[in-house]
Every structure is written in C-alpha cells, then in structure tokens.
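Residue 406 is where the sequence shown ends in this note's numbering, and the numbering goes up by one at each step.
Quick notes on the structure that follows.
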Amino acid sequence: MKRGSSSLASRTSPYHASVTLFEPADDAADITPRRSKRLKVERYIEDSDERTSTTLQQADITQSSVGKTRGKSKPTKVSHVLQGKDSETSVSIPVPAKSQKLKSPRKPKPIPTALETPHPEPPHWRETYDAIKRMRSRIVAPVDTMGCDQAQLKEDDPKNQRFSTLVSLMLSSQTKDEVTDAAVTKLREAVGGSLSVDAILQADENTISEAICKVGFWRRKTQYVKQAAQKLHDEFDGDIPKTVDELCSLPGVGPKMAFLALQIAWKLNAGIGVDVHVHRITNRLGWHKPPTKNPEETRLNLQSWLPLELHPEINHLLVGFGQTLCTPVAPKCDQCELSDGLCPSARKVVKGSSSKRRVKVASTDSAAGPKLKVEDTNLQAHADSPSSDLPVLLKIESDVKVEDVS
C-alpha cells in the first residue's frame, strides 16, 4: 500500500531570514499509517482435555511465497479464528501428523561361510599341498616362532591367553611378525606384566601407543585395542566371543582375525584365515578360476573344496612358505619343488652364456665419489611362464661382483 501524501507548513528560519523551514502540518496525524506485510494468525491447538491458544506469525509473506509452507512440526488439529464485523467464528482444520520413524542401530552383515556354487577342486592340488608341507618341514619361518599363536604362551590365565592372541592378531595387520611379536611383548610389560582386558582399560592411550608405535597404523590400533577391551568388558564378561560375527563386531577385527582367533584361542574350526600370503600363493598355483580379487573371495573358494581337517593348518603352512620361498617379489623358484610342473607361475632358467661380470670399485678422493670399472659381462636369462598357453617372457639379470681396489 502506498504511503499517503502529507502536507507541509513553511516558516522563516529564526537564524537566517533567507532560509525557509518546512514542518508537517497539524493534520499529519490523520495520515493513514503504513500497513505491515506481516500476517498475524491466531491458532488454537485442541488437546484432549484443554485447548491452548498460541499466536504464530508468518514472516514476510509476499506474492511469490504465498502457498509455501515452512515449519518443523505440525499439530494434530488447528483452529483458525476468523474475525468478522460483529462476531468471531472458530473453524477447526485437521492437520495430518507425520509419523516419526525411530532408526534402529544398523546391524552388521553376517560373514558369509559358503558359496552357492562350490568351486571345483584344482587338479593335482593334493600333490602340491604335500610338496609344500615337505618343504616347510625343513624351513623355520618367522611365523613359526613369532606368530600370533605364540602370544598366549606367556600368559597363565585362560582369559588372558585368549585376549593376548586377539591383541596379537589386531596388531599384525600390515606388520611383519618380528615387529608384531616385539610390540606384544613391550605392551605386556607396559601394562604390568600380563596382557588382560582390565590392564588395557586401566592403561592410558599414551602408554599403549608408546609400546606399539613400531607396528603399522599404530595410532588407529591404539584406539581399536582400547575400544575392543571396553566392549569385551561390557558385553562378553571380559573374554573374547566364540562366534565370527561377534568377533567381527569388535573394532579393528576382520574375518581373517576372527577365524584365526577361534582356531587358536578356542580350538574352533569355523573357517580359513586368509591373509595376503594365502591369497597370493593360491592364485599363483592356479587354484582359483578365475583368479580371486581379494582374500574373502579366496577364503570362500578354498572352504568350498578343501577338506575340513586342513582348514586350521593351511594358513600357518602357506604363511611360512610365503615368508621364505614364495615371496611377493623375486620368489625363489629355483629352490622350490613346485617349479618342476606343479606351479604354473614358476620362473624357469634359460641356459645362456657363462661369462662373468666383475665390477671393480677404485678408491678416490674425488668429490664425485668412487669410480666403477666394468671388466666383462655375464647375462643370465630367466623365463616366466605363468601357464603353458601364455607366451614366454624373458627377464635379463646381471651377476655383479663388487671388489675393493686398494
């Protein structure tokens, strides 16, 4: 609505005769005031026993915003008061109430235990398995003396034995066995000589972090160990549970750790613990068609055809084999019995020249450092033949001998 025009009265300034002052006329009070665009609506919310009156204001209702509703909550019934010239009329308008759904805590998905269609047995797998067992009987691997099954041997209480096994597994991810074993020993000493749930709960995070700082992702594992100990104390009477799903509900515990914990701590054969060694070696052996993409696929494949009595031992067997012979980089195929036809990924030696390559390092005071002198050349060719139907790829390696020249 437009503001009404106002009349002004003029008078001469008392301070300067040439200045004229303008003032509102006496009838300025009769000018219609500007109406606010705020719309006041009285609403009466009806309850079962009483009626409460509330006054709500809708802010800045413009032509573009008419019809749009805003509000966090709505009453079940609203009474609008319509004011007429002589009377007031109350009109009740029902308002549908939105049902509020309470979100229940998200349940973790159960760990799968079997494939819908079992994977077929690989050819000659038994012969391959027995050959690996023969080689492992002659080799002492780090897992044999510093694996997760060794942590319980330093505890007397059965609960502490099981808990120390779980802690060792939690610290072992992305960490070598030597580092994990040293961290478990240091943690046991830091919390009072016995690795128990109560000892971890009483220790502060700095104490735990200083003890395990050499393992991979130690900051995150510090929190996991504390949180897992608290959950074991609150929900499992201070002991580790006996099911895979309950173990996987603990922070920082995955399927591999859960299956190994059940096998070692409770002597329960619930499945195969598959780590990077088992995943890598079984794919190199061609036991998965097509090759598996992750340890969980590998586990389900193996569990579908490998005899049940071999499930507890295959992890320990292949981990030691992968630590010593079938290493991730430069596997020692020349020392492996499987290279005679049982392993499709074996590296084969191709006969080449027998000349030697010798490099002499001459001592010098030059700022550029020592000088190298190559006398002659020895090239040894190796062939990688992942399978018989793939082309042979040659790799050239050099036999370098370094001698000091005085």
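Beta carbons: idealized from backbone N, C-alpha and C, even for Gly.
Among the options, which has the Cα closest to the Cα of residue i?
{"i": "Leu187", "options": "Lys159, Pro158 and Val225", "result": "Val225"}
{"i": "Glu296", "options": "Cys213, Leu308 and His277", "result": "His277"}
{"i": "Leu195", "options": "Asp204, Thr175 and Val167", "result": "Val167"}
{"i": "Lys133", "options": "Asp204, Asn315, Met146 and Thr243", "result": "Asn315"}
{"i": "Trp218", "options": "Ala183, Gly193 and Ala190", "result": "Ala183"}
{"i": "Gly147", "options": "Arg126, Glu116 and Val179", "result": "Val179"}
{"i": "Ser172", "options": "Phe236, Ser13, Leu8 and Asp149", "result": "Asp149"}
{"i": "His311", "options": "Thr292, Lys221 and Lys267", "result": "Lys267"}
{"i": "Gln161", "options": "Leu247, Ile240 and Glu189", "result": "Ile240"}
{"i": "Glu116", "options": "Gly252, Asn301 and Gly322", "result": "Asn301"}
{"i": "Lys256", "options": "Arg284, His279 and Thr145", "result": "His279"}
{"i": "Thr189", "options": "Lys221, Arg220 and Glu155", "result": "One detail in the question is off: residue 189 reads as Glu in this sequence, not Thr. Ranking Lys221, Arg220 and Glu155 by Cα distance to Glu189 puts Glu155 first."}
Per DSSP, which residues does residue i bridge with? Please list them.
{"i": "Ser345", "result": "None, per the DSSP bridge assignment."}
{"i": "Leu318", "result": "BP columns for Leu318 are empty, so no partner."}
{"i": "Thr117", "result": "Its beta-bridge partners do not exist; DSSP assigns none."}
{"i": "Glu23", "result": "Ala9"}
With the cut-off set at 8 Å, would you say residue i and residue j are in Cβ contact?
{"i": "Leu201", "j": "Ala261", "result": "no"}
{"i": "Ser304", "j": "Pro108", "result": "no"}
{"i": "Leu338", "j": "Thr128", "result": "yes"}
{"i": "Leu308", "j": "Asn269", "result": "yes"}
{"i": "Val140", "j": "Asp177", "result": "no"}
{"i": "Thr165", "j": "Ile264", "result": "yes"}
{"i": "Val274", "j": "Thr298", "result": "yes"}
{"i": "Leu325", "j": "Lys332", "result": "yes"}
{"i": "Ala203", "j": "Val215", "result": "no"}
{"i": "Ser7", "j": "Thr20", "result": "no"}
{"i": "Gly252", "j": "Ala228", "result": "yes"}
{"i": "Gly238", "j": "Lys159", "result": "yes"}
Could you compute how far the alpha carbon of residue i sits from the alpha carbon of residue j?
{"i": "Ala346", "j": "Thr282", "result": "13 Å"}
{"i": "Asp376", "j": "Thr175", "result": "Model confidence at Asp376 stands at a pLDDT of 41, short of 50, so the residue's coordinates are unreliable and nothing is read from them."}
{"i": "Asp181", "j": "Ala151", "result": "8 Å"}
{"i": "Cys336", "j": "Arg136", "result": "11 Å"}
{"i": "Leu317", "j": "Asp198", "result": "34 Å"}
{"i": "Asn294", "j": "Asp245", "result": "19 Å"}
{"i": "Gly286", "j": "His119", "result": "13 Å"}
{"i": "Ile208", "j": "Pro290", "result": "43 Å"}
{"i": "Phe163", "j": "Asp130", "result": "33 Å"}
{"i": "Lys242", "j": "Asn206", "result": "30 Å"}
{"i": "Asp334", "j": "Thr327", "result": "13 Å"}
{"i": "Ile212", "j": "Pro123", "result": "44 Å"}
{"i": "Gly322", "j": "Glu313", "result": "14 Å"}
{"i": "Asp234", "j": "Leu247", "result": "14 Å"}
{"i": "Gln223", "j": "Ile111", "result": "24 Å"}
{"i": "Arg284", "j": "Trp125", "result": "12 Å"}
{"i": "Pro14", "j": "Pro24", "result": "18 Å"}
{"i": "Ser18", "j": "Thr12", "result": "7 Å"}
{"i": "Asp157", "j": "Glu210", "result": "25 Å"}
Indicate, with yes or no, if the ligand NAP has a heavy atom lying under 7 Å from the CB of residue i.
{"i": "Arg11", "result": "This structure simply doesn't include the ligand NAP, nor any ligand for that matter."}
Using a C-beta cutoff of 8 Å, does residue i count as contacting chain D?
{"i": "Asp234", "result": "In the structure shown, chain D does not exist; there is a single protein chain."}
Entirely enclosed beta strand (DSSP E) segments - the segment 208-277, minimum 3 residues
none
In chain order, what are the residue ranges of uninterrupted beta strand (DSSP E) at least 3 long that sit wholly in the segment 119-160?
none
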